[in-house]
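Participant: Quick mapping for you: the protein sequence lines, in order, are chains A, B and C.
Its first residue numbered 1, the first sequence is counted upward by one per residue in our numbering.
Its first residue numbered 286, the second sequence is counted upward by one per residue in our numbering.
Its first residue numbered 521, the third sequence is counted upward by one per residue in our numbering.
Just so you know, even glycine gets a beta-carbon here, dropped at the ideal spot from N, CA and C.
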Amino acid sequence: MLDGAVAGLAGGGAYAALGLCLTLMFRLVRVVNFAQAAIGVIGVYGMALLADAGLPYALAAPAGLLAAGLVAAALGWIMARWFAEAGADQRSAIAIAFLVGLLAVSFLAFGTHPRRVPGPFGGALLTVGGVTVTRAAAVCALLAPALAAGAHLLLTRTAVGLRLRALSERPTTAELLGIPSRRLAVGTWAATGALAAAVLMVVAPQQSADQSSLALMVIPACTAALVGGFRSLTGTVAGGLGLGVMQGVLAHVEDLQQYRDAVPFAVILAILVWSQRREVWDAAR
Amino acid sequence: MTLELSGVAVARGAAPVVRDIDLTAPPGAVTVLLGPNGAGKTTLLEAVAGVLPFAAGNAVLDGADLAGLDRVARARRGLALVEQGRTVFSALTVAENVRVVNGSADALDRAVELFPELGRRLDVAAGLLSGGEQQMVVLARALATGPKVLLIDEMSLGLAPVIVRRLLPAVRALADGGVTVLLVEQFATLALEIADSAHVLAGGALTYSGPPGPLRASPGRLHAAYLGETPTEEP
Amino acid sequence: MPHVEMPHVEIRRADLLTGGAVLAVIAVAAVALPGYWLFLATSALVAAIALRGLGVVGQAGMNSLCQLSFAAVGAWTVARLNVMAAPGGLVLWVAAGGLAAVPFGALIGLPALRLRGVHLAVVTLGFAATADVVVAALRFPGATTFQQVPRPGPIATDRGYFVFAALVFALVCGALWLVDRTRAGAAWRAVRFSERATAAAGTSVARTKLTAFAASAFAAGVAGGVLAGQIGTVTAQNFQTINSLALFVVAVMAGSRYAGGALFGGLLMTFVPEVLKRLGVPQDWANVLFAAGAVQALTQGASVSEGLARRLRARRPAPPAAAVPRGEAAKAPPGGGPLLTVTGLTVRYGKVTALQDVDLTVPEGTVMGLIGPNGAGKSTLTDALSGFLPGATGQITLAGRRLDGLPVHRRAAHLRRTFQQDRVPTGLTVGAYLRFAARRRVGRGEVAEVCAFLGCPPPDRHVGDLDVGSRRLLEVAAALLARPRLVVLDEPAAGLTHADSLALADRLAEVPARYGASVLLIEHDLDMVRRACAHVAVLDFGRVIAAGPPAATLAEPEVARAYLGDEAALA
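Have a look at this one:
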């Protein structure tokens, strides 16, 4: 049982970290970026392709991050250019189109067969009382809170963060004050895109890493973000880690094993029913 | 800088709101734009700031046409719009509201100099301030951009007249410092006290343009524009 | 109280054209297509049925990312009935499959009552992923034993089955076309435009959303059933999440509110990959194209079929402005006993008190004005009366009935309101909107009468083609047509010229006698208030500062100060 919980930390950390990307994107550029993990897939598979071609990991990995960042920036530019005034609904619908399109592009560019993804975090880190902690689990579980702390510091302590927060609260007012919204939005896309690639680079070597299932990791990541209401960074991290641990534990329960991936949906529903008890109207007035 | 509007028309969606607006706001002066609700004052200011497009006519800032510049570019040319409804960044502190547009310590000092009551509340989230204080933050924030032209929309909305009496002299002082001020205000009497020239907008067109004197002297004209009927008693 | 209504069928040129074109394409295909292409065309029809269902949810302003999960329920039901050797054969099983999907649709619709937009989309996506897992774990009945779903005689051949699929598609589209013309269909479109306005028009938002999801799931379930019959043994592969997402993207691109759009989408999904394959181009390009197409459609603000429909719709010139009888202004009657009694109404938003202990009485059979400067609380009062502010305290009594505590759509039976913002759903015709908002059966004559009275555009015009002023009048007409005891009009003259405002004022003065309703008129144009109202009340900073006959009340110094900031203005 404990073994399962610890093993679940790897997945949970990844959900949390991807969920952080989603939360940041929703807060800062008003989109639930369903393509978040798909952008990461481009980075991971780009890296794997380069590594297969003989490039050392230390070069291939940054190249993959760069590729993901550039793809994300391009998508962000499309969003800022044509959908700057659109609401979160419409922008998120576009993100779904991005997801479907990017996944197809990934199949075209990298082939439909799953690739072996190299990674430096294989194997066990330590074994305590019969419970094995893999290096990937440790990295993921630490990565998510570190990311949350980093994002918090960026938003509260830096000039860019200040502008991003202003922009997220009142985009029009911020623009009227001369804050360059488009540049900041594209930058946010690029940064979270590269981050998503980094997260997937840690987890992809540990599991069956076909492109569809990596891209659809966005679903548990959405669950994590939903725990934080797409606002709270801490809530997102807790949600992601909790979800991973829950799945890890369920993997060890004979009867429920095959349903462990259904847990996110049950969690989503429970959270929503609880958090949205009050009737809310569609417009302020 | 002088702001000149000529033949301006603005629509919201398909509905025309204002038309044939000719108006000049010179530097160092307060130009007030009065008129009843729904006359199109806000629409006009938003179009000048680049929130809405012009349907016709043009706006010229010191000889340079604003057409083709988006709102960020216009802001960087020195145009600042203080929007209606106390648009503070409520999650940011008072100091951050100013810092977000201008990081220099100088900008914050100037804000406190203009509105000393903000000095004690610099680290309070702006959303927790009173309405009057929020409006001060909004004004101070606009000033931090170092504007050449200040467009102010209904600063007094939802504020008691006594607070407006506190804010308007600050606006006057800014104009005296050389800023071009175009002020939209529902408390007409108070606004006219600090005005150098006045325009009345009714039903989408200007019905009066000239010095504030005549409007101050015969409030009947204003009363007519606001309440829709000339009162029988004149002073 | 549920309303049963015979659909009021209005056949329009665009509908006929689309319907005819669709039938023609299907007929030609049934005769002319060679076997393999016919199989593909059947697949296109299956996709089109699912897409048309998706269109219902989209029409109601919601995004569903789990359409194929509902289809899986339908297919699973058919396979199960087959293994059970249930009576009735495939045709009945398909219907059963559709019905089996309905509860799942309602289940997904439940969170939609509280969640909207992207949060709802996340839920549907979660459901799709869950369905993937469950379907993979459960296996389709008969899949392991290769127990094919048999097709009865006339539809045993591929050609016969194609015709069957086409008939099912036509039935689904026809049924939805009919529903579209009832109040339920109008409610779907209204709820997309504004939930508030839908509730204020007396329609339950919850029921509207649930029926949209249920109808959508039904269509998807039917599609799944037809697919089961087409390919014999279905597998989990057919219903994967990523395919649901692709379906959504194609729906955005092609538009699936119309039968033509759904069919076009189905054809795209089936034939684009096929054509690519024959050209030796990787099939994945298809999804890239669909994604690009969807983004393009969203930049245009309309899907391919919506764009076409817009162009097909003949744009007639605006009707001449209503004849304005000037001269002798009608004066509102002073009214009788109290109709609406408000006591101690208080509304707080956080620390801000928007309304403070408001007492207000609107007499029976009169027009009363409510005025005050911006931010005085007039719209808050309207919201509190109509039920949008459950946190409001105080008593609201209308004709002896307590309104406080009732939900918005229940209050709407006796109290109708209009909105300051433009809240007339753009997807409807004038006639459809009026019948929707009336919440009772109204004849053509009644509709024509109220339209003529207020100078509204003719019933066959599209709301989307009207200017703001006409929409406001239309909203007033709809409120009157519902025959409430009280109508609350929130700035109905915004967007009208001054002369038209005064004409409207004269009409409003006649409303009590003509329609048996009192009017509470919120208005900035004081000329209009003087003309229409027998009484006025003045709000400032959330309190009633004056009330009485218009002339005397407007002359009070308090009132002038509220408007101009200084009583000196009156001198």
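(1) Taking 8 Å as the cut-off, does the segment 131–148 of chain A touch the segment 348–356 of chain B (at least 3 CB pairs, one atom from each stretch)?
(2) Using a beta-carbon distance cut-off of less than 7 Å, what residues from the segment 468–481 of chain B approach chain C?
(3) Which residues in chain A sit within 9 Å of C/Pro631, going by Cβ to Cβ distance?
(4) Are there 16 or more other CB atoms within 10 angstroms of the CB of C/His929, so buried, or fewer, so exposed?
(5) Would C/Tyr1083 pass as an interface residue toward chain B - the criterion being a Cβ-Cβ separation below 9 Å?
(6) Do B/Leu366 and B/Val586 have their beta-carbon atoms positioned less than 9 Å apart in this structure?
(7) Can you tell me whether A/Trp274 is buried or exposed? The criterion is at least 16 other CB atoms within 10 Å of its CB, across all chains shown.
(8) Which residue or residues does DSSP assign as beta-bridge partners of C/Gln915?
(9) State the Cα-Cα distance for the pair A/Ala7 and A/Cys222, rounded to the nearest angstrom.
(10) Name the DSSP beta bridge partners of B/Pro301, please?
(11) If you measure from the beta carbon of B/Thr327 to each beta carbon in chain A, is any gap under 9 Å?
(12) Would you check if the distance between the CB atom of A/Ala72 and the CB atom of A/Ala196 is smaller than 9 Å?
(13) In whole angstroms, what is the alpha-carbon distance linking B/Thr287 and B/Pro311?
(14) Strictly under 9 Å for the Cβ-Cβ distance: is A/Leu154 near chain B by that measure?
(15) Please report the residue range of the beta strand (DSSP E) in which C/Pro883 lies.
(16) Quick one, which residues of the segment 937–950 of chain C are near chain A if we go by CB-CB under 7 Å, in chain order?
(17) Is the Cβ of C/Phe713 closer than 9 Å to any Cβ of chain B?
(18) Going along chain C in order, which residues have a C-beta closer than 9 Å to the C-beta of A/Thr223?
(19) Around the Cβ of A/Ala124, are there at least 16 other Cβ atoms within 10 angstroms (buried) or fewer (exposed)?
(20) Cutting at 8 Å between CB atoms, please list the residues of its own chain near C/Lys898, excluding the five before and the five after it.
(21) Does the beta carbon of C/Leu788 fall short of 8 Å from some heavy atom of the ligand MG?
(22) For the beta strand (DSSP E) that contains B/Ala365, what are its first and last residues?
(23) What span of residues does the alpha helix (DSSP H) with C/Arg712 cover, start to end?
(24) How would you label A/Arg231, buried or exposed, when you count the other beta carbons within 10 angstroms and need 16 or more for buried?
(25) Whole-angstrom Cβ separation of C/Ala663 and C/Thr753, contact assumed at under 8 Å?
(26) Count the other CB atoms, across all protein chains shown, that sit within 10 Å of the CB of C/Phe666; report buried if there are 16 or more and exposed otherwise.
(27) Consult DSSP for B/Asp438 and reduce its assignment to one of helix, strand or coil.
(28) If C/Arg572 sits next to C/Val692, beta carbons under 8 Å apart, how far is it from one beta carbon to the other, in whole angstroms?
(29) Report the option in B/Ala411, B/Ala410, B/Ala380 whose CA atom is closest to the CA atom of B/Ala396.
(30) Would you tell me roughly how many angstroms separate the C-alpha atoms of C/Val614 and A/Ile42, rounded to the nearest one?
(31) When you compare only the Cα positions, how much space is there between C/Leu860 and C/Val1008?
(32) Would you report the Cα separation of C/Pro837 and C/Val967, rounded to the nearest angstrom?
(33) Excluding five sequence neighbours on each side, which residues of the same chain lie with their C-beta closer than 6 Å to the C-beta of A/Val237?
(34) Considering only the beta carbon of each residue, do C/Ala1082 and C/Gly907 sit closer than 9 Å?
(35) Given a cut-off of 9 Å, decide if C/Ser584 and C/Asp652 are closer than it, judged by their beta-carbon atoms.
(36) Under 8 Å by Cβ, that's how I've got C/Gly646 and A/Phe121 pegged, so tell me the actual separation to the nearest angstrom.
Facilitator: A quick look at the data gives this:
(1) no
(2) Gln471, Phe472, Ala473, Thr474, Leu475
(3) Ile268, Leu269, Leu272, Val273, Gln276
(4) buried
(5) yes
(6) Residue coverage of chain B in this structure runs from 286 to 520, which leaves residue 586 of chain B outside it and unanswerable.
(7) exposed
(8) C/Thr863
(9) 21 Å
(10) B/Ala296
(11) no
(12) yes
(13) 5 Å
(14) no
(15) 872–883
(16) none
(17) no
(18) Val642, Gly646
(19) exposed
(20) Leu890, Ile891, Gly892, Asp1010, Ile1042, Leu1059
(21) Judged by which ligands are present, the structure shown has none, so any question about the ligand MG falls away.
(22) 364–367
(23) 703–713
(24) exposed
(25) 6 Å
(26) exposed
(27) strand
(28) 6 Å
(29) B/Ala380
(30) 41 Å
(31) 11 Å
(32) Because C/Pro837 carries a pLDDT of 46, less than 50, the predicted location of this residue cannot be relied on, and the following value inherits that uncertainty. For C/Pro837 and C/Val967, the distance between alpha carbons rounds to 21 Å.
(33) Ala16, Ala144, Pro145, Ala148
(34) no
(35) no
(36) At roughly 29 Å, the Cβ-Cβ gap does not stay under 8 Å, so C/Gly646 and A/Phe121 are not in contact.
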